[in-house]
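Participant:
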Amino acid sequence: MIHSLFLINSSGDIFLEKHWKSVVSRSVCDYFFEAQERATEAENVPPVIPTPHHYLLSVYRHKIFFVAVIQTEVPPLFVIEFLHRVVDTFQDYFGVCSEPVIKDNVVVVYEVLEEMLDNGFPLATESNILKELIKPPTILRTVVNTITGMEKGETHRELPSWVKALNNLLPAFCLIPISGSTITAEIQGVIDACVKLTGMPDLTLSFMNPRLLDDVSFHPCVRFKRWESERILSFIPPDGNFRLLSYHVSAQNLVAIPVYVKHNISFRDSSSLGRFEITVGPKQTMGKTIEGVIVTSQMPKGVLNMSLTPSQGTHTFDPVTKMLSWDVGKINPQKLPSLKGTMSLQAGASKPDENPTINLQFKIQQLAISGLKVNRLDMYGEKYKPFKGIKYMTKAGKFQVRT
Amino acid sequence: MSSNSFAYNEQSGGGEATELGQEATSTISPSGAFGLFSSDLKKNEDLKQMLESTKDSAKLDAMKRIVGMIAKGKNASELFPAVVKNVASKNIEIKKLVYVYLVRYAEEQQDLALLSISTFQRALKDPNQLIRASALRVLSSIRVPIIVPIMMLAIKEASADLSPYVRKNAAHAIQKLYSLDPEQKEMLIEVIEKLLKDKSTLVAGSVVMAFEEVCPDRIDLIHKNYRKLCNLLVDVEEWGQVVIIHMLTRYARTQFVSPWKEDDGLEDNEKNFYESDDEQKEKTDQRKKPYTMDPDHRLLIRNTKPLLQSRNAAVVMAVAQLYWHISPKSEVGIISKSLVRLLRSNREVQYIVLQNIATMSIQRKGMFEPYLKSFYVRSTDPTMIKTLKLEILTNLANEANISTLLREFQTYVKSQDKQFAAATIQTIGRCATNISEVTDTCLNGLVCLLSNRDEIVVAESVVVIKKLLQMQPAQHGEIIKHMAKLLDSITVPVARASILWLIGENCERVPKIAPDVLRKMAKSFTSEDDLVKLQILNLGAKLYLTNSRQTKLLTQYILNLGKYDQNYDIRDRTRFIRQLIVPNEKSGALSKYAKKIFLAQKPAPLLESPFKVDRDHFQLGTLSHTLNTKATGYLELSNWPEVAPDPSVRNVEVIELAKEWTPAGKAKKENPAKKFYSESEEEEDSSDSSSDSESESGSASGEQDEGDSSDDSSEESSSEHGSDSESASEVGDKRTAKRNSKSKGKSADSSSEEESSSDSESESESESESESRKVTKEKEKKKTKQDRNPLTKDVSLLDLDDFNPVSTPVALPTPALSPSLIADLEGLNLSTSSSVISVNTPVFVPVKTHVLLHRMSGRGLAAHYFFPRQPCIFGDKMVSVQITLNNTTDRKIENIHIGGKKLPMGMQMHVFNPIESLEPEGSITVSMGIDFCDSTQTASFQLCTKDDCFNVNIQPPVGELLLPVAMSEKDFKKEQGMLTGMNETSTVIIAAPQNFTPSVILQKVVNVANVGVVPSGQDNIHRFAAKTVHSGSLMLVTVELKEGSTAQLIINTERTVIGSVLLRELKPVLSQG
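Top to bottom, those sequences are chains A and B. According to the numbering used here, numbering within the first sequence proceeds without interruption in unit steps and concludes at 403. According to the numbering used here, numbering within the second sequence proceeds without interruption in unit steps and concludes at 1476.
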């Protein structure tokens, strides 16, 4: 299975290596560097690279390449899924997963990796089990105290208990409206839970409208049978943060798109100036504010510079990458944010034949666009009263507007 | 870092192996030896000093720095002697880091590594399972050939360890030892065989992994474990699931016959498929007996289905490929939704999944058609994803959706990513060839693209147009002219070559233009690309043959240029053409046919997917499939066998195991699905009871009832699942029930399990009617004698055999782990929680009777009931109730019977036989059985006489919902250990000391509840055990006397509701004076 792991940063330095079987020379990564060079962007580096004696499977996250070396046939998703799990674990341990953090905690990282695989086969990948074996650096002290407390006979139940069952619903869209009509839109969501309960609480979570859920996948703690028969999520939660459920809302229900974008981008053949205007506005938001709006667009190569004035927020245009980005912030329905101005084009060149795509990011608090509602969350098996809370949120996924 | 000592806690051998450290010290070379080298080594020098220090903190710091060096890939091997002597350190932190170091460098320093072996050997015997496991892990990771025998011994021992976690590590060690010394193969196979029989889900994945690595060809080892693996699959950890599913896929392909009809080949359309299926079924019906699926085959397909909901992409993909490769074609469809879900994951996952979907979509368009829009390309996708999506879109294109797709493609062509735009044009070409209706539209669209400003786009369009025109050359003179004009502007060689070729082919249709083109080309010949030069030569030759008057000289000029070209291909081609077309004395017979040779009708190229090539013969989801080359260690998926190998090899004949598996079979027997599969039953003669009972299968008729059977399968799997964890006594009961129904010769066509059990109840009733009457009579006598214990030898009538314990002792990990980790580990353990139950006779039967019907309200008929506390003869889930009827009137009461029943959901009641008449002042006792479903809900019914009906009800005290259980103190503690947390309720009781004598407590407890006494070693702790009648869950009661006049009352049970009710009832009883 997985032979070795190399962590490579964006400048091509191997800053960590771990071998689970005999040592593989780091020169094997040269093949990876070759592929990296060939691919212009990091995103385009193929996830599977064959070399004469090994195969390199990599994932790219947080500007780090996690390159696994394998020698024999293995399902590639097995390795890829595992690498993602490694990244998730690091994130869970250190809050962020970045090169400096990994370098700072190299011993913990190394020990975690040692526990996660034995002879290349996954051993312990659940972060709550790992945390029992190897303490994360920050919560070290407090946990030691708690544990010793427990050993002295103060049972779990006596400890102050609290739970924060925070359910984030993140329905996300992918939609590409062209000439006013939506090409495709879908809602996918997740329920992330943060559970901090003592003992062995048995939780059940029920929905007002479980029929909405079309396709679901569960955390292993969820009892599948119960879901099949009653559409209730019944589970004994692991400690801490975990993704309880991810779902997809059936496409038959038309998606109400909460924003619209008006655009007027025109190039003229003769002149070296183009007109540019974008307006963003809310629609069907059920009275909630749209916030965190960011508009980005990759302008055609012919655009030399842009002189724009936003009605609110800040904007930047990078003349090298031709990336326009406009941080709008909140949308005030009374005064719609707009960005107007001109583009200066390469003199003499004919007008670019493609129109830029506009990407939109936004968030809506306290609203689940899918209409999914949690009915109740009950706890069985423990006597204390837990603190319960739920937070709904809608976030744009890959929201693109073709112009 | 210093925190995880709790994991290894105090138990870790205190004084272990200090002498090893001393040994090691003596072998260390004097530290001055490295003095010659640079300052870098000086740093190591201080590390060495720190390691020698007496302070643990210094050592720990040193070790951390060393591990940091290893992580960065720096060589730290020279510190080996200094590090290895700390292997026996008492500090767990240091020890662990030393292990890390040791594993990394042992291979390089074999002699010194040997010094550490004895530490591990000792740790292998440690009472803490984590320490045993980690010792085995490190020992087996030390790649030193000399210790192979030691490793072998350690693996053998560990494979028999009580802790499943250690056994899991043993399975991992097998692979390590095998790679170190392949000669151990035979011995290792023995260990694998043993571990394959393991019932722990923790072990299953790892041992199958070892199997795949060491002896993937020994499929005979799997037979006996096949059904177990299928049933365990859902509970195995996710990584193990992937490995097991892949292995089982291969297994299924060797052991079962193909579920695919011979001639349905590659289905393009679901609709077609169903039609052809129907037709074909008729045909096959006539021709030969229909295909019936092996029940084991069905078992695998059914048990993997829930895993499509896994969060782990690898598991979903593994199930998808299993369905693709082994399930009937009509069932493959369910995987598409799950695969499409994976597309919303990370780019790497997308990449692999899209590749697999691409392969699938070539063969089965219908599967992914509903998800067409999921494959639309976003401008932010990486190029490789874009290309794959395009590929799939092309595969999915058909007459119905092509117009939408073409509109979508138009946007892609305008994309800023020109590579992608070019790929789109290719795609449009393929769509045009595949769907004849749109060929013209596509062609026109492509011609428009010829005026695109981007060269790559234009070039690609030319190439595609060339291919399209070749298929229908007739009416496209205009396009060719247009393209000829493009020659002036286009510089991309492939495009130029394509245009030249097109003109050459169609030179007779454009007689004026062709020679002119040749003239232009002759001018620029020397500066053209090789590809273009070859086409210029071709064009020249063709024109020479058709229009030699105008082009003879030009062609000869070109041939002369070609003769002195640098490229030998071109020189060869020139020579060849000259010989063929220019007539001279030496030219042979061939030149006569020159025109036919050059201007032959050429078959149009097939525009095919690059994925079509060979890729589909690799198993989906494998690395080899992704790379499209055979990866090292790829195991071929064999073709279906013509005739299925003997299916009986999978029958498990060992008696204990057979018991384990029968319930699953029985459960199926009572399934409604059975009706559909009656033919298959006939086929398999029902001599063998297990194959008989499992004979439902996906026969041709079964496939029609697709919806039904899939519903069933989920039900079935649930019942099966349940029966796995059901208590042994229930197993026994089911078997008797079955026996009864068999003896009656009734076929099992009842519609549900419950029904059938009630069925068999009624039968057993009639069978045992006479007996039960006897019982009643005898009881009556005893009753009159005021016997305190009516339950005597009559018990033998109740066939207690059925309650025979099948005890499978559970390997219990030493509780050295922190509690939650234990819970985690145990959650993975398969053993049923109630494995040590054996039903006992009641300790005490209270004489307390309850009024059912007062004589005043019953018009002279009085009824009392009491609980005789014996297993009910009417059904094992029922509570026995004895009703004593008294006639207080002065006339006969006739026909006493039970009328309408009003029972809560699930509750069942077995009524007594009507009493014909009751003499005045007479009394009669009858028995009934009520299944209270482990609840204290009231059973209401009507007690009727000839003239009247009286509404009566029975509410059971919670203590009567139990059956006493005999178990040892050890078992009790073990079970109690498993029922902690939410399963535990407790309270404190305060009472006078005289109430806390053992006999009083015993008396009080058994008075309230029908529990069995567990012998106790301690005077101050009293333990009682019982199980609930309906579900058989354990109910453990502990009374622990404390100082002063208090006691702690603890109840452990899965049925927390009953537990707390019982607690509430026991508390006042125990505390009262």
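Idealized CB from N, CA, C, for every residue including glycine.
For P171(A), which residues in the same chain have their Cβ closer than 8 Å to its Cβ, ignoring the five residues on either side in sequence?
Facilitator: At P171(A) the pLDDT is 43, less than 50, meaning the model places this residue with poor confidence; the figure from the coordinates comes in the next sentence. Correct list, in chain order: I187, Q188, G189, V249, A368, I369, S370, L372, T394, K395.
Participant: Between N715(B) and chain A, is there a C-beta pair that is closer than 7 Å?
Facilitator: Yes, contact with chain A.
Participant: Does N240(A) pass the burial test, meaning 16 or more other C-beta atoms within 10 Å, or should it be called exposed?
Facilitator: For clarity, residue 240(A) is Gly in the given sequence; the question names Asn instead. Exposed, by the Cβ-count rule.
Participant: Please tell me whether K1280(B) and D1334(B) are closer than 7 Å, where the distance is taken between their beta carbons.
Facilitator: For K1280(B) and D1334(B), yes; Cβs fall inside 7 Å.
Participant: Determine the chain A residues that contact K1470(B) at a beta-carbon separation under 7 Å, and present them in chain order.
Facilitator: Those do not exist, as K1470(B) stays about 16 Å from chain A at its closest Cβ, beyond 7 Å.
Participant: Helix, strand or coil for T289(A) per DSSP?
Facilitator: Note: T289(A) maps to coil in three-state DSSP.
Participant: Between which two residues does the alpha helix (DSSP H) containing R978(B) stretch?
Facilitator: Counting along the chain, the alpha helix (DSSP H) containing R978(B) begins and ends at 971-984.
Participant: State whether the stretch 88-101 of chain A contacts the stretch 761-772 of chain B, with contact taken as three or more CB pairs (one from each stretch) at a distance under 8 Å.
Facilitator: No: the two stretches stay apart, fewer than three of their Cβ pairs being nearer than 8 Å.
Participant: Taking Y1037(B) as the query, report the chain A residues whose CB atoms sit under 7 Å from its CB, ordered along the chain.
Facilitator: Residues of chain A passing the Cβ test: E73.
Participant: Check for me: the beta strand (DSSP E) holding K1304(B) runs from which residue to which?
Facilitator: First-last of the beta strand (DSSP E) with K1304(B): 1296-1305.
Participant: Whose C-alpha, out of R570(B), L533(B), V861(B), V1284(B), is nearest the C-alpha of L1364(B)?
Facilitator: For L1364(B), the nearest C-alpha among the options comes from V1284(B).
Participant: Contact check, T1441(B) vs I1393(B) under 8 Å by CB: the rounded distance?
Facilitator: Wrong, their Cβ atoms sit about 17 Å apart, outside the cutoff.
Participant: Along the stretch 753-784 of chain B, where does the CB come closer than 7 Å to a CB of chain A? Name the residues.
Facilitator: Listed in sequence order: Y754, I755, K776, Y779, R781, S782, T783.
Participant: Please tell me whether A917(B) and I906(B) are closer than 7 Å, where the distance is taken between their beta carbons.
Facilitator: The answer is yes: Cβ separation under 7 Å.
Participant: How would you call A1429(B), buried or exposed, if buried means at least 16 neighbouring beta carbons within 10 angstroms?
Facilitator: A1429(B) comes out buried.
Participant: Taking the alpha-carbon of G1303(B) as reference, which of F1344(B), L1288(B), P1317(B) has the nearest alpha-carbon?
Facilitator: Measuring from the Cα of G1303(B), the nearest candidate turns out to be F1344(B).
Participant: Please report the residue range of the alpha helix (DSSP H) in which I831(B) lies.
Facilitator: First-last of the alpha helix (DSSP H) with I831(B): 821-837.
Participant: Taking the C-alpha atoms as reference points, what is the distance between A536(B) and K499(B)?
Facilitator: One C-alpha to the other measures close to 13 Å.
Participant: Please state the DSSP three-state secondary structure of T695(B).
Facilitator: Note: T695(B) maps to coil in three-state DSSP.
Participant: Using a beta-carbon distance below 7 Å, is L56(A) in contact with chain B?
Facilitator: No - not a single Cβ of chain B is within 7 Å of the one on L56(A).
Participant: Starting from G471(B), find everything on chain A with Cβ-Cβ shorter than 7 Å and list it in chain order.
Facilitator: Per Cβ cutoff of 7 Å: V106, V107.
Participant: Under 7 Å, Cβ to Cβ, is there at least one residue of chain B near A381(A)?
Facilitator: For the sequence presented, residue 381(A) should be read as Gly rather than Ala. Taking Cβ atoms only, chain B reaches closer than 7 Å to G381(A), which makes this a yes.
Participant: Give, in chain order, every residue of the stretch 184-201 of chain A whose Cβ lies closer than 7 Å to some Cβ of chain B.
Facilitator: From the stretch 184-201 of chain A, only T184, Q188, G199, M200, P201 have a Cβ closer than 7 Å to chain B.
Participant: Would you verify that the beta carbon of D118(A) is, or is not, closer than 7 Å to some beta carbon of chain B?
Facilitator: It does; some Cβ of chain B falls within 7 Å.
Participant: In angstroms, rounded to a whole number, what distance separates the CA positions of K571(B) and W227(A)?
Facilitator: If you take the alpha carbons of K571(B) and W227(A), they lie about 31 Å apart.
Participant: On the three-state DSSP scale, how would you describe I1286(B)?
Facilitator: DSSP places I1286(B) in strand when its eight states are reduced to three.
Participant: Answer with yes or no whether the minimum CB distance from E1319(B) to chain A is below 7 Å.
Facilitator: Output row for E1319(B): interface = no.
Participant: Please state whether DSSP places R376(A) in a helix, a strand or coil.
Facilitator: Correct three-state label for R376(A): strand.
Participant: Quick one: using the 10 Å Cβ neighbour count with 16 as the cut-off for buried, is F387(A) buried or exposed?
Facilitator: Exposed is the call here.
Participant: Please list, in chain order, the chain B residues whose beta carbon lies closer than 9 Å to that of K18(A).
Facilitator: Chain B residues near K18(A): I473, A474.
Participant: How about R744(B): is its C-beta nearer than 7 Å to some C-beta of chain A?
Facilitator: At least one chain A Cβ lies under 7 Å of R744(B).
Participant: Going by the DSSP bridge assignment, what does D327(A) pair with across the sheet?
Facilitator: The partner list for D327(A) (beta bridge, DSSP) reads I294(A), T314(A).
Participant: Secondary structure at C194(A), three-state DSSP: helix, strand or coil?
Facilitator: Here C194(A) sits in strand by DSSP.
Participant: Here's the rule I'm using: 16 or more other beta-carbon atoms within 10 Å means buried, otherwise exposed. How should V401(A) be labelled?
Facilitator: Answer is buried; the Cβ neighbour count reaches 16.
Participant: Under 7 Å, Cβ to Cβ, is there at least one residue of chain B near D88(A)?
Facilitator: False, the Cβ-Cβ gap to chain B never drops below 7 Å.
Participant: Could you say which of S4(A), V48(A), L339(A), Y31(A) lies nearest to N119(A) if we only look at CA atoms?
Facilitator: The option with the nearest alpha carbon to N119(A) is S4(A).
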